[in-house]
Amino acid sequence: MRALPELFDLRVKARSLAYLFTAGAGLGLVTLAFPHDDAVKEPQLVVLAGIAVAIAGLVYLAAERIRAWQLHVVLGLGTLILTFANYYVGQSSLYPLMYTWTALYAFYFFPLGVALGQVAFIALCYAALLVIQDPASPIVRWLLAVGTPVVVGLLISRLLERTGVEAGTAEQRERALRQSEARTRLVLDSAPDAFITLDRDGIITTWNVAAERMFGWSAVEAIGKPMRGLIVPPEFRDRHDERRRALIEEEGPVATEVFDVVLERRDGSRFDGEATVSRVVVGDDVILSGFMRDLTERQRREEERDELMRAQTARAEAERVAEMMSGMGALVDAALARPGLDEILANLVAGVQEVLGADAATIFLADEEGDWLRIGASSQGTPPTSVDPIPFGDGLAGRAALSREPMFAQRPDPADLRDPGLHELEIDSLLAVPFLARRAVIGVLEVCASPPRRFTADDLGMLRLAAERVALAISHARIYEREHEIAVTLQRSLLPERLPDLPGLKVAASYRPAAAEAEVGGDWYDVIPIPGGGAGLVMGDVAGKGLAAASMVGRLRSALRAYALEGHDPAMVVQRLNRLVWTEAAESQMVTLLYVVVDPSDGVARWVNAGHPPPLLVGGNGRPQFLEGGTSVPLGVMPFPSYEEKSAAMSPGSALVLYTDGLVEVPGAHIDDGMARLAERVRDAPEEPKALCDYVLGSLIPERGAPDDVALLTLRNVPMSDRFREKFPNAPDALASMRALMRRWLRHAGTGEQEVAEITTACGEAATNAIEHAGAGGGERFEVSGRMHGDEVDVSVRDFGTWRPPREGDQGRGLSLMRALMDTVQVTPTPEGTTVRLRRTLRGSGGNGGPD
Amino acid sequence: MREGLVGLEIERRGDVVVASVTGELDIAGASRTGERITEAVPTSAVGLVVDLMELEFIDSSGIAMLFGLARSLGSRRQRLTVVAPPGGPVRRVLEIVDFERAAPVHADVDDAVAALD
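Heads up: the protein sequence lines correspond to chains W and X, in order.
Heads up: the first sequence is residues 1 to 852, going by the numbering used here.
Heads up: the second sequence is residues 1001 to 1117, going by the numbering used here.
Have a look at this one:
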């Protein structure tokens, strides 16, 4: 019978019982207060009520520690008290009904069996009472007739139930036992090891599936046979017996031993095994149980595992090599991205060190004759210049270079270490591999390992690979560097070394090569003195980089100078250049060009723009303004584009700024923003052209350099004052410039056009003389200075040659012209040179003033 | 045709060669211009008109060139006439050096050509 879970704990049950007893006693006493039969024995009833109350009190107080069986007894006592009460009350009362209470309590609080027992006890008590009070009453007869079979039936069923439970338990146990055995069997059969039990005499009693598999004997064949004859090879049988006996006779309950054994299969083949044997005492008997393990299987597995490990190691190695290879590729790429061989070498060393897991790496470079090594780069940071050249054959690296073979040294001699940075390290192994280019040793790559890292001959392959890459990188870098040097030299040579002196104008230029750019760009600028005193400003940008772009710049520069000096208009000059680019340049060659001619004498700038960013004009008021318009296509994109000339007034004090796109093109920003920023900087910049260039470049180009080349050219139309002093080259071409300046100065002073022409002519004559004198050992320049004293113009032309007396003809005519045109002409010859002083008082000021 | 600051155009008007010089004539271009004009005058020509109406500047070198032309043409029995605007800087220089000693100076090209014919 299944036990119900207890609904109430014992405490609740006990207290309920106490209430029940108290209520019963109370009710009984209350009935005594009513009129009743004389037969009722009041004193006895009061005593019974007292007993009931006392029991109730005891139970209540003991509720905390009362036990279930005690409750059952108390309830039984209750039934007895009721029965006595019924006896003392006599037949005529309702007391028997109180049995229902105890019955209900029993059913409510006790398991059914106990409740039924209580009910049966109630029935017995009541029946006994009835028999005593009135044996002849029909109720007694009925009770006996019905109650007896009921009670008997109950007792019988109770008895049957008990035996049934016991029988069920035995069956369950048996089943469980069978299941357990089956499980054990299953476990044993599924075990990978053979499980065998032997009796005291060594006869096999258990033989599991693994044993069948292992030895080739079935359980049916094996069980009942002695083990020694079945699976123990003849030469080991005695030993088997010995061990068996020793185990069986050993003291103590259980003994387990492990033996290495040789066992024999059914087919006669043998194998190494391991036996774990235990002695088990079963009752009086002793048996041996043993697990046999086939070690060949384990050995095979171990071999397999080793094999797997080897395969995995090999694969890992292969992956490492592959990774290293790509690492090397990346190494070269990364190294070549750096400008300059030194940086490439430093990068290579770091890369090789990382890829090979070396503790240090050094690249030695060979000289061109192949006699010496020097340190190119070292992971230890050894400065290349700090080490004397290492002769081929010296040290491990030198030997590698001389023999052209890789060298390996375990615990190398300190003399083998030619990189002083290595002396700080504890070195286990050192490897040096020469690298070659065009069959010549160009260097040695050396790596070293500190414990626990150790290089072996196996690492040589990787190092060779690394050396090949390094050689490749170095030769690329060298070729590249050479070309780069040529291109840089060429480009530098194409930019004017110094800008010409232009009377009345001041020019300055700056060129900043790109920071990270390894290749030179095609930016160029030029300032060409235009006959007549003007200045031609050129700012151009050849698309492309390197040598090709630089040589294109060279051709364009020469051509432009030639066209400009021939006196062509700006538009014609640009058209001719376009023709040149279109017909002669490589395909898709494109050039942007801005050509501006500034004539200081009338203060006009004329420009032609072939696809270039517009020039910036800073007016006399200091406000910058881009000279838009006149823009056409770049050179080289069309055979006959039209280039139109535009012009703008350049008042004295104004400046013109030309630049290449590198200055206004910032990656990620719109070019308009770049131009706006440039205008802003130019507005804030100082007036003086050189200072202006420095300021603009300094504030626009980041510290680490611009991403592209930047060229900047500034021209300022210097305002005239009462005095001037200017030097000119001793060349006929300079005369026009000198006259332009003179006219400008005179007009600035308010001189009338006729007097301007006359004074200019006189000064021209003086300057012509100066140039002629230069042929007689004078300097390279002559100087013109002018001053205004009120109405008087005072001009001096000074040369640094030797004065020659005027000859007949032209020169005499020159002097007479001067004298005719000026008030006074004063020639002062000195050993250092001759000064011609010309003075004239202006007849009318104002007049036809020029633009100044 | 233009070389440096000097522009030169040669024109035949019947038996007369008209050479128009523009720009600025100084020591840088004078002798070369003189040579080219001389080359442009065939022996068959009656004379040469040097048109300086558009010339902006002349100095003693230019004057020397003109005297030279007058000399060489004279030796070939050809006549020279110069045209320069009255009151201008070029005319002023011509007057100072008294160029009319060597050749007549006119104020108009057509007059000059007619005078030679």
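By construction, the Cβ of each residue, glycine as well, lies at the ideal position given by its N, Cα and C atoms.
{"Item": "Residue 751 (chain W): contacting residues in chain X (beta-carbon distance under 7 Å)", "Value": "Residues of chain X passing the Cβ test: none, with the nearest at roughly 13 Å."}
{"Item": "Proximity winner among W:98, W:643 and W:507, relative to residue 569 (chain W) (alpha-carbon distances)", "Value": "W:643"}
{"Item": "Minimum Cβ-Cβ distance from residue 569 (chain W) to chain X less than 8 Å", "Value": "no"}
{"Item": "Simplified DSSP state of residue 1108 (chain X), which is helix, strand or coil", "Value": "coil"}
{"Item": "Residue-chain proximity (residue 536 (chain W), chain X), Cβ-Cβ < 8 Å", "Value": "no"}
{"Item": "Backbone CA spacing between residue 1070 (chain X) and residue 1102 (chain X) [nearest angstrom]", "Value": "6 Å"}
{"Item": "Chain W within 8 Å of residue 1107 (chain X), Cβ atoms only", "Value": "no"}
{"Item": "Anticipated Cβ contact below 8 Å, residue 594 (chain W) with residue 552 (chain W), distance rounded", "Value": "Not confirmed; about 17 Å, so no contact."}
{"Item": "Whether residue 537 (chain W) touches residue 718 (chain W) by CB criterion (8 Å)", "Value": "no"}
{"Item": "Contact with chain X by residue 768 (chain W), beta-carbon distance below 8 Å", "Value": "yes"}
{"Item": "At least 3 beta-carbon pairs within less than 8 Å: the region 1019 to 1034 of chain X vs the region 593 to 613 of chain W", "Value": "no"}
{"Item": "Beta-carbon spacing of residue 613 (chain W), residue 684 (chain W) below 8 Å", "Value": "no"}
{"Item": "Alpha carbon of residue 681 (chain W) to alpha carbon of residue 699 (chain W), nearest angstrom", "Value": "7 Å"}
{"Item": "Residue 69 (chain W) classed as buried or exposed, judged by whether at least 16 other C-beta atoms fall within 10 angstroms", "Value": "exposed"}
{"Item": "is_contact[residue 1084 (chain X), chain W] using C-beta, thresh 8 Å", "Value": "no"}
{"Item": "Spatial distance of residue 501 (chain W) from residue 739 (chain W) (CA atoms)", "Value": "15 Å"}
{"Item": "Pair within 8 Å by beta-carbon distance, residue 431 (chain W) and residue 406 (chain W)", "Value": "yes"}
{"Item": "8 Å Cβ cutoff, residue 817 (chain W) in contact with chain X", "Value": "yes"}
{"Item": "Span of the beta strand (DSSP E), counted from its first residue to its last, around residue 376 (chain W)", "Value": "372 to 378"}
{"Item": "Distance CB(residue 273 (chain W))-CB(residue 360 (chain W)) smaller than 8 Å", "Value": "no"}
{"Item": "Selected residue, minimal CA-CA separation from residue 637 (chain W), among W:673, W:688, W:651 and W:584", "Value": "W:584"}
{"Item": "Where residue 474 (chain W) falls, given that 16 or more other Cβ within 10 Å makes a residue buried", "Value": "buried"}
{"Item": "Helix, strand or coil at residue 256 (chain W) according to DSSP, with G and I counted as helix", "Value": "strand"}
{"Item": "Neighbour list for residue 735 (chain W) in chain X, Cβ cutoff strictly below 7 Å", "Value": "1026, 1027 and 1028"}
{"Item": "Residue range of the unbroken beta strand (DSSP E) whose run includes residue 826 (chain W)", "Value": "824 to 830"}
{"Item": "Proximity test, Cβ basis, 8 Å: residue 824 (chain W) and chain X", "Value": "no"}
{"Item": "Neighbour flag for residue 845 (chain W) against chain X, beta carbons, 8 Å", "Value": "Its pLDDT being 47, under 50, residue 845 (chain W) is placed unreliably by the model, and the measurement read from it follows with that caveat. Not closer than 8 Å to any Cβ of chain X, the Cβ of residue 845 (chain W) fails to qualify, so no."}
{"Item": "Proximity test, Cβ basis, 8 Å: residue 1045 (chain X) and chain W", "Value": "no"}
{"Item": "Endpoints, the beta strand (DSSP E) within which residue 589 (chain W) is located", "Value": "Segment: none, residue 589 (chain W) is in no beta strand (DSSP E) and carries neither H nor E."}
{"Item": "Nearest residue (CA-CA) to residue 122 (chain W), options W:88, W:414 and W:75", "Value": "W:75"}
{"Item": "CB contact below 8 Å: residue 1059 (chain X) versus chain W", "Value": "yes"}
{"Item": "Top-ranked residue by Cα proximity to residue 401 (chain W), from W:364, W:426 and W:386", "Value": "W:364"}
{"Item": "Chain-order list of residues whose beta-carbon lies under 7 Å from that of residue 843 (chain W) (same chain, five-residue window excluded)", "Value": "755"}
{"Item": "Among W:256, W:266, W:189 and W:191, nearest to residue 227 (chain W) - alpha-carbon criterion", "Value": "W:266"}
{"Item": "Cβ of residue 1001 (chain X) within 8 Å of any chain W Cβ", "Value": "Below a pLDDT of 50, predicted positions are generally treated as unreliable, and residue 1001 (chain X), at 47, falls in that range; the measurement from the model is reported next regardless. For residue 1001 (chain X), the answer is no, since every Cβ of chain W falls outside 8 Å of its Cβ."}
{"Item": "Opposing strand residues paired with residue 716 (chain W) [DSSP bridges]", "Value": "W:506 and W:655"}
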